[in-house]
Amino acid sequence: MPDNNVATNAAAYSASPERLGRGALLRWFISSAALAVPQAASPVAFSLLALSVIGDARGGAALILAMTLAQVVGAVPITRLGKKRSEATFLKFLVIFRTLALFALALCAYFEVSFVLLIISAAIAGLVNGAAYGYLRSLLNHLTTESKLPRAQGIAATLNEVTFVLGPVVASGLGTISPVFAIVVLAIVGGTPTLLIPKVDAKPADVTLQVSGSVLTPAILLWLTCAGTAGATVAAIEIGAVALALKFGYEPALAILFTVPLCLASVAGGIWISIRNRLSSRKAVFAQLSIMTFGMGLVALGVSLTVTIIGAVIIGLVLAPLGTYYALILDRLAPPEKRPEVFALLRTSYSVGIIFTSAVLTAITLEAALIVIAGSMLAITLYVGFVDRSRHEGEDYGSTGDTN
Numbered sequence: 005m006p007d008n009n010v011a012t013n014a015a016a017y018s019a020s021p022e023r024l025g026r027g028a029l030l031r032w033f034i035s036s037a038a039l040a041v042p043q044a045a046s047p048v049a050f051s052l053l054a055l056s057v058i059g060d061a062r063g064g065a066a067l068i069l070a071m072t073l074a075q076v077v078g079a080v081p082i083t084r085l086g087k088k089r090s091e092a093t094f095l096k097f098l099v100i101f102r103t104l105a106l107f108a109l110a111l112c113a114y115f116e117v118s119f120v121l122l123i124i125s126a127a128i129a130g131l132v133n134g135a136a137y138g139y140l141r142s143l144l145n146h147l148t149t150e151s152k153l154p155r156a157q158g159i160a161a162t163l164n165e166v167t168f169v170l171g172p173v174v175a176s177g178l179g180t181i182s183p184v185f186a187i188v189v190l191a192i193v194g195g196t197p198t199l200l201i202p203k204v205d206a207k208p209a210d211v212t213l214q215v216s217g218s219v220l221t222p223a224i225l226l227w228l229t230c231a232g233t234a235g236a237t238v239a240a241i242e243i244g245a246v247a248l249a250l251k252f253g254y255e256p257a258l259a260i261l262f263t264v265p266l267c268l269a270s271v272a273g274g275i276w277i278s279i280r281n282r283l284s285s286r287k288a289v290f291a292q293l294s295i296m297t298f299g300m301g302l303v304a305l306g307v308s309l310t311v312t313i314i315g316a317v318i319i320g321l322v323l324a325p326l327g328t329y330y331a332l333i334l335d336r337l338a339p340p341e342k343r344p345e346v347f348a349l350l351r352t353s354y355s356v357g358i359i360f361t362s363a364v365l366t367a368i369t370l371e372a373a374l375i376v377i378a379g380s381m382l383a384i385t386l387y388v389g390f391v392d393r394s395r396h397e398g399e400d401y402g403s404t405g406d407t408n
């Protein structure tokens, strides 16, 4: 846990947001949205690619799994590789690395090489996803003031949701032209941050700023766990959407009955938190976690199509506010020079949640899987509301800013 002197010193070497101007922040927003495009569109794009290469769309799941597992493995080690380098420069390197890996994936598919090489290419591309997000998010601290950080994070969360709504649609349209062409376009769009990332010298000159020891303090681990559980909850709807549609007697294509309301509600939540421009209080976070738990409970009950959609909307409404809180509170809890690593772990936590949901949905029935995930959401909510709160009685992150 950094002390006030470290925080003050860290602020001294960062570039002034006023000097960089609004243009730099705008480029950061575009970069943030573009960076997420390959991940947002890859489920559809990879499925279409696998269908064209091996004649089985299920091969797309293998590509996604390889990319996601690689992200989990590479998040911390790759982030640490850039510890002594300029954050902006190292971020550009990571983006270029991923872009080249996606181009390699497209070339392997075009020349119809072994499907194993496609899986390896997808894994190499995913290897840097967590680290790239970690460095990108860390740069935001140098582009806006602390008072405006909740609004900036809220806008980023909203753009992220828009990307995940439009990404699959664009991938589907491009895939009808050519699955290989779709991968190439995603690689190009995902690589645009190399041209847009603001030039920020975001590295400390004083080596005494470095903090030793594990970054996973109990407080940081708590919010990473919350993020992973939220990721599992959202994934339950997005991955299980087709199965839910079939359960209620609809065609698989009508899986959008669940995913679209979820994403639109999340966009609305992002807009709300951007306008509010405040870090939520601990009580508000507990309330939002309770709301998400209630929504997941409705989905797990599955008494009707309407109730399930309402549950998805309820989850979506608090998704951006909670995601914004996790990013902001981790920003306060992390030592300045370890922020990229913590933010990489944040993105990786969501991926771990997705892997957990995928495994549960594969191992047991849809109904049982939804109950398990709802139970996980309930458990973490109760822990935050009662067990962990009892250790920090009187603490209110939203009003005092004290994160101890």
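Convert by adding 4 to the 1-based position in the sequence shown; the result is the number in the working numbering. Idealized CB from N, CA, C, for every residue including glycine.
Can you give me the C-alpha to C-alpha distance between E371 and I201, rounded to a whole angstrom? 44 Å
Please classify D335 as buried or exposed, where buried requires at least 16 other C-beta atoms within 10 Å of its C-beta. buried
Would you call the CB atoms of G274 and T162 closer than 8 Å? yes
Alpha carbon of V76 to alpha carbon of A236, nearest angstrom: 15 Å
By a C-beta neighbour count over all protein chains shown, 10 Å radius and 16 as the cutoff for buried, is P256 buried or exposed? exposed
Indicate whether G416 and T233 have their beta-carbon atoms separated by less than 8 Å. The structure shown does not extend to residue 416, since the chain spans only 5 to 408, so no value can be given for it.
Could you compute how far the alpha carbon of V388 sits from the alpha carbon of G134? 25 Å
Measure the alpha-carbon distance for C246 versus R26 and round it to whole angstroms. Checking the displayed sequence, the identity of residue 246 turns out to be Val instead of Cys. Spanning the two alpha carbons is a distance of roughly 42 Å.
What's the C-alpha gap between V271 and A249? 23 Å
Note the first and the last residue of the continuous alpha helix (DSSP H) segment covering H285. Per the sequence shown, residue 285 should be read as Ser rather than His. From DSSP, S285 is part of no alpha helix (DSSP H); its letter is neither H nor E.
Cβ distance (whole Å) where T83 is taken to contact G138 below 8 Å: 5 Å
What does the alpha-carbon distance come out to for the pair L29 and L144? 8 Å
Would you report the Cα separation of P339 and A223, rounded to the nearest angstrom? 13 Å
Could you say which of I34, T369, G130 and S51 lies nearest to V184 if we only look at CA atoms? S51
So what's R89 in DSSP terms, helix, strand or just coil? coil
Which whole-angstrom value is the C-beta distance of T297 and G194, which I expect to be below 8 Å? Between G194 and T297 the Cβ distance is about 34 Å, and since that is not below 8 Å, they are no contact.
Which whole-angstrom value describes the C-beta separation of C267 and G320, a residue pair presumed to lie in contact below a C-beta threshold of 8 Å? 7 Å
Considering just the uninterrupted stretch of the alpha helix (DSSP H) at N145, what are its terminal residues? Counting along the chain, N145 falls outside any alpha helix (DSSP H), and DSSP gives it neither H nor E.
Closest residue to A45 among F168, A239, S90 and I295 (Cα-Cα distance): F168
Can you check whether the CB of L98 is closer than 8 Å to the CB of C112? no
What number of angstroms, rounded off, separates the C-alpha of A363 from the C-alpha of A373? 9 Å
Would the C-beta of S35 count as close to the ligand MN, meaning under 7 Å from any of its heavy atoms? Ligands are entirely absent from the displayed structure, and the ligand MN is therefore not among its contents.
Distance CB(L178)-CB(A191) smaller than 8 Å: no
Taking the CB atoms as reference points, tell me whether L39 and A136 lie closer together than 8 Å. yes
Own chain partners of L73 with C-beta closer than 8 Å, once the 5 adjacent residues on each side are dropped: A127, G130 and I359
Does DSSP put F115 in a helix, a strand or coil? coil
Completely contained beta strand (DSSP E) runs for the segment 47–91, where each covers 3 or more residues: none
Does S362 come out as helix, strand or coil in the three-state DSSP assignment? helix
Is T229 closer than 8 Å to I384 when the C-beta atoms are compared? yes
Inter-residue spacing [alpha-carbon to alpha-carbon] between L293 and W227: 12 Å
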